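Numbering (the numbering used here), first residue to last: 15 to 962. Even for Gly, the Cβ is constructed at its ideal location relative to N, Cα and C. If you're wondering where the values come from, they're calculated on a predicted model, not measured in any experiment. Taking it in order: structure first as structure tokens, then the write-up.
See below:
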């Protein structure tokens with residue numbers, strides 16, 4: 015039982031699960047008075063050399079005084095953390111606050127001495143690096159800004175832990191000891207180091223699941239049927255290259271083998287190492303299985319069992335306990351309620367799933383939170399007709415079920431540098447950590463295409479079983495932010511596969527110019543119209559007529575690919591009739607031949623009822639490795655991925671599967687599907703080009719960051735959260751060079767006249783009551799009032815129309831130059847982070863949702879693109895002969911708002927409305943700012959696994 019020590023309550027929020035360098039997990043938590051026996055046991059297992067490095071002298075055992083000192087902490091000036099596996103210590107870290115004289119001190123002293131001790135058996139796993147991140151975060155929370163450490167020169171491992179962390183530091187040598195001092199404020203380098211370590215660790219943890227050397231299926235029935243027996247059969251038929259074990263506590267003691275697989279009553283009976291356990295037992299028995307696996311050293315679990323969070327509150331509690339139990343043993347979990355995992359690599363051939371047949375090997379990584387959608391995706395990738403076709407297959411497949419532990423973020427970390435995966439397709443029903451997903455997606459998309467379809471996007475809540483943070487952002491905003499990160503966002507699984515297969519088979523287009531050729535004028539025109547609808551720039555279609563031969567197609571495609579005014583080619587084909595008509599295989603060979611000679615441009619085929627052509631286009635050329643011959647299926651077994659109305663014969667294996675074979679040509683049954691996939695490829699290619707030259711966050715000399723911090727601190731001292739008044743808003747924005755036009759309250763006609771004399775005519779009179787604010791269409795605004803008479807007349811009109819002055823809340827404001835009314839907003843979302851939004855004022859953004867979004871901090875390139883990305887942007891650039899407005903001034907305003915919110919996370923909301931952008935300059939006529947204590951920034955904190 016853990017308890018508090020001296021002065022402060024036990025800080026439970028410091029507890030965290032982390033992934034270590036080798037992919038295993040450990041739990042980090044504060045050390046308490048109840049840990050005395052654990053500490054002594056831990057110390058006894060540390061070598062004499064490690065003890066010498068820690069204490070600079072032989073120190074064979076801890077005295078009672080030492081144990082008391084190392085377990086009693088006030089959690090402010092003295093803090094100790096331990097890394098545990100299986101409930102036992104494997105490493106410790108401690109800091110003691112010191113003063114300028116190096117002696118123990120209390121606040122306001124902001125320096126502390128730090129020291130580590132790692133059990134020898136766990137050195138080299140990255141435990142000390144993870145502990146350093148967490149103890150540094152704790153120290154910053156307790157207003158400690160600097161660490162000092164004294165290390166013996168021979169202790170090179172610990173010196174490397176400090177020097178590699180990326181913090182700003184200085185180093186000295188005195189009296190035979192290396193003294194290191196380093197600031198704890200995160201730097202660009204320390205964050206880069208942290209993210210790189212995070213990627214390597216999480217990728218390794220997923221690799222341990224997808225590339226096991228041995229698999230135990232727990233819950234295998236003694237008779238055919240049942241989930242466990244089915245998975246065991248799938249593993250056997252796939253030709254798994256490692257060791258297989260069947261486990262069931264109900265097996266007779268004399269049963270040694272089942273279906274040719276070694277049979278055991280318990281994992282404990284298996285003498286060899288077990289890397290992966292597939293759990294297919296009722297939820298009530300899963301805790302015992304987890305304990306057995308943990309004690310036997312199993313590295314990971316795939317839990318197919320249901321009855322967890324998807325079943326209600328009780329199941330959610332079982333799921334939390336499952337995760338805690340598994341992580342305590344250093345194991346990661348896929349599931350529960352999972353469909354399973356697949357790895358088609360010839361070196362692994364793992365089918366630890368409910369899919370009764372291995373998908374074809376290929377270059378596509380596939381992730382689905384839903385088992386049903388996973389089946390549908392595997393089916394569509396496998397089919398040869400009904401849309402995209404061919405032998406492009408899967409590298410790895412993960413269906414995470416309730417994704418209580420391993421999530422899409424973890425699998426992205428693995429696919430980022432997986433040499434067997436060229437394209438990533440993901441079906442997501444929820445995004446547990448949008449801020450992290452966006453960061454990982456941006457990095458992954460810079461290396462390989464990432465296509466995402468999100469389900470349950472209009473349901474308003476995550477599916478049962480998915481524990482995620484709540485975001486206040488609309489789905490359209492989240493989608494826009496994902497696109498900003500390079501994610502190819504599509505709406506259906508059909509579009510997911512359409513885009514994915516094009517990206518897996520063809521090069522990226524250099525631009526939006528599309529050549530169209532084929533033997534059907536009508537189909538060519540449909541393709542032309544589809545290109546225009548998708549924002550592409552099609553060239554006039556080339557009609558080869560229905561009499562076109564294969565040679566005609568070859569020549570036309572060769573000319574189109576050689577044309578410098580074309581970036582991609584869409585070939586349309588309909589079946590010809592007659593003895594002299596071109597055969598499917600002949601036409602496919604002609605198209606492949608032309609594409610191979612000029613491989614730099616993508617080629618797509620739109621076919622109408624040409625199943626033979628679709629098969630021929632892909633059958634002779636595949637980038638996938640050759641599949642191992644499968645055991646013959648029984649005569650009564652239908653193909654697992656094929657709809658009942660589709661031909662049942664199994665497609666032939668590719669004739670040549672070497673790495674030197676050309677890219678496949680994808681075929682589509684409709685022009686709209688082909689063009690939509692091409693349009694996504696064009697936008698993604700453009701993003702890749704822009705991402706290669708990222709923008710910069712400019713510096714402004716007139717920004718008073720410190721003054722703004724003082725002002726915010728003083729205002730927040732009044733309470734936990736508040737909306738600033740007019741003067742305070744203007745003062746804060748002014749420190750970032752954002753000037754707001756003054757608006758003076760006018761509770762009476764005389765007060766309005768006094769305000770107008772102060773500001774100078776002409777003026778505007780506005781009603782600012784909530785139901786009238788920013789609603790010029792309701793008549794609550796009077797402009798260009800040139801004198802007092804006009805002002806008093808306007809005041810009387812508004813009072814007559816809308817009620818007494820106290821209901822109107824009228825203000826007087828000086829007139830601004832005419833221009834285009836816009837709106838700038840920034841908000842900090844608890845899940846997605848800080849978001850900047852821009853649109854035109856009025857119906858354009860409110861009714862039509864024509865608003866653009868970018869993550870903060872915004873770069874100069876982001877500011878330029880956000881202004882141009884709304885549909886009504888032409889109004890800013892001289893639409894129908896109007897005078898273009900000052901968009902550079904608008905972009906600068908966006909950058910200044912971004913900088914304010916990024917510098918001060920206490921600024922949780924900013925609204926500038928309206929911002930009138932004139933021919934020269936702009937005017938901010940209305941502004942509001944809300945302050946609150948800054949929300950937690952887990953992306954800047956130490957590495958940690960999600961808690962459930």
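Less than 8 angstroms separates the beta-carbon of residue 520 from that of residue 617.
The C-alpha of residue 510 lies about 21 angstroms from the C-alpha of residue 432.
With a cut-off of 8 angstroms on Cβ pairs, the segment 891-898 is not in contact with the segment 854-863, counting fewer than three such pairs. With contacts defined as CB atoms closer than 8 angstroms, residue 507 and residue 437 fail to qualify as a contacting pair.
About 5 angstroms separates the CB atoms of residue 351 and residue 320; that is less than 8 angstroms, so the two are in contact. Residue 37 is not a Cβ neighbour of residue 211, given a cutoff of 8 angstroms.
Residue 770 sits in a helix when the DSSP states are folded into three classes. When C-alpha distances from residue 149 are compared across 126, 166, 165, 135, the shortest belongs to 126.
Between residue 355 and residue 245, the alpha-carbon positions lie close to 11 angstroms from each other.
Take the alpha-carbon of residue 738 and the one of residue 722: they are about 13 angstroms apart. Residue 117 and residue 93 have their alpha carbons spaced roughly 16 angstroms apart. Per DSSP, the beta bridge partners of residue 278 are 261. Per DSSP, residue 357 is one residue of the beta strand (DSSP E) stretching across 354-357. Residue 822 sits in a helix when the DSSP states are folded into three classes. Between residue 144 and residue 839, the CB-CB gap reaches or exceeds 8 angstroms.
Sequence-distant Cβ neighbours of residue 829 in its own chain, meaning closer than 8 angstroms and more than five residues away, are 776, 777, 778, 797, 798.
Straight-line measurement puts the Cα of residue 293 at about 51 angstroms from the Cα of residue 185. Listed in chain order, the non-local C-beta contacts of residue 831 below 6 angstroms within the same chain comprise 932, local neighbours out to five positions each way being set aside. Nearest neighbour of residue 267 by Cα position, chosen from 279, 97, 261, turns out to be 279. The C-beta distance from residue 917 to residue 870 rounds to 10 angstroms, too long to meet the 8 angstroms contact threshold. C-alpha of residue 561 to C-alpha of residue 551: approximately 28 angstroms in a straight line. Within a 10 Å sphere around the beta-carbon of residue 132 sit 16 or more other beta-carbons, which makes this residue buried. Secondary structure note for residue 314: its beta strand (DSSP E) is the uninterrupted segment 314-317. Here the alpha carbons of residue 765 and residue 827 stand approximately 13 angstroms from one another. In this chain, residue 383 is not harboured by any alpha helix (DSSP H), its DSSP state being neither H nor E. Relative to residue 110, the option among 102, 103, 89, 99 whose CA is nearest is 89. A Cβ-Cβ contact shorter than 8 angstroms links residue 406 with residue 518. By the criterion of at least three beta-carbon pairs nearer than 8 angstroms, the segment 573-581 is not in contact with the segment 716-730. Assignment of residue 697 by DSSP, reduced to helix, strand and coil, places it in the helix class. The C-beta separation of residue 692 from residue 528 comes to about 7 angstroms, placing the pair in contact by the 8 angstroms criterion. About 6 angstroms separates the beta carbons of residue 295 and residue 303, which is inside the 8 angstroms limit, making them a contact pair. Residue 938 places its beta carbon 8 angstroms or farther from that of residue 726. By the neighbour-count criterion, in which 16 or more other beta carbons inside 10 Å mark a residue as buried, residue 891 falls on the exposed side. Per DSSP, reduced to three states, the secondary structure at residue 179 is coil, with no helix or strand assignment.
Taking the CA atoms as reference points, residue 853 sits about 19 angstroms from residue 922.
Between residue 207 and residue 180, the beta carbon gap of about 4 angstroms places them in contact (Cβ cut-off 8 angstroms).
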